[in-house]
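Reading through the structure tokens given below for one structure.
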Amino acid sequence: PCCAERYVRHLLHEDPEGGWAVAALVWRPGQMSPVHAHRSWCSVGVHRGVLAESYYTAGAKLLMPDGVHLRRPGDITYGPADPGLIHRLANLGCETAISIHAYGLPYERFCSDLNLVLAD
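Following the numbering used here, the numbering of the sequence shown begins with 12 at its first residue and continues without gaps.
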């Protein structure tokens, strides 16, 4: 877990050849990811709680809000490795939320190579 002040990651399964890994992220109320894009494909499913996924468009000097989607238990979203697909996940509720994430990287590289962080 490399983002404990934001959320905690728990490895669930990893491809023995290092092509992908699945982790559960536990979000306490009020915790959120930084604003980021991914350097790998990603798939996210919400297991418990509700997460707000906010999208952004990169302007010349600013990130501009571009919509919010509430992700509820059973919802799934996915995206490619794309520096233009900018988002943030947040637990805006009063209870702990759990999401399941699959990424096209080995777990040991999640902290260093997964996210292109654009803002806290």
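Ideal Cβ positions, reconstructed from N, Cα and C, are used throughout, including at glycine. Please read these numbers as outputs of a predicted model, since none were measured by experiment.
Residue i versus residue j - alpha carbon distance
i    : j    : result
D93  : C105 : 32 angstroms
S65  : L96  : 11 angstroms
R83  : A34  : 18 angstroms
G30  : H21  : 18 angstroms
G78  : Y118 : 30 angstroms
V46  : P27  : 30 angstroms
Q42  : H98  : 15 angstroms
V128 : G85  : 27 angstroms
G60  : D131 : 23 angstroms
Three-state secondary structure (DSSP) of residue i
i    : result
R59  : strand
R39  : coil
S44  : coil
Y89  : strand
S123 : helix
Y118 : helix
S110 : strand
G95  : strand
C53  : strand
R82  : strand
C13  : Note on C13: pLDDT 49, under 50, position unreliable in the model; the coordinate value appears next. Coil, per DSSP.
L129 : strand
Per DSSP, the bridge partner or partners of residue i
i   : result
T68 : M75
E25 : A32
Using 8 angstroms as the Cβ pair cut-off and three pairs as the minimum, do the segment 112 to 125 and the segment 45 to 60 touch?
-> yes
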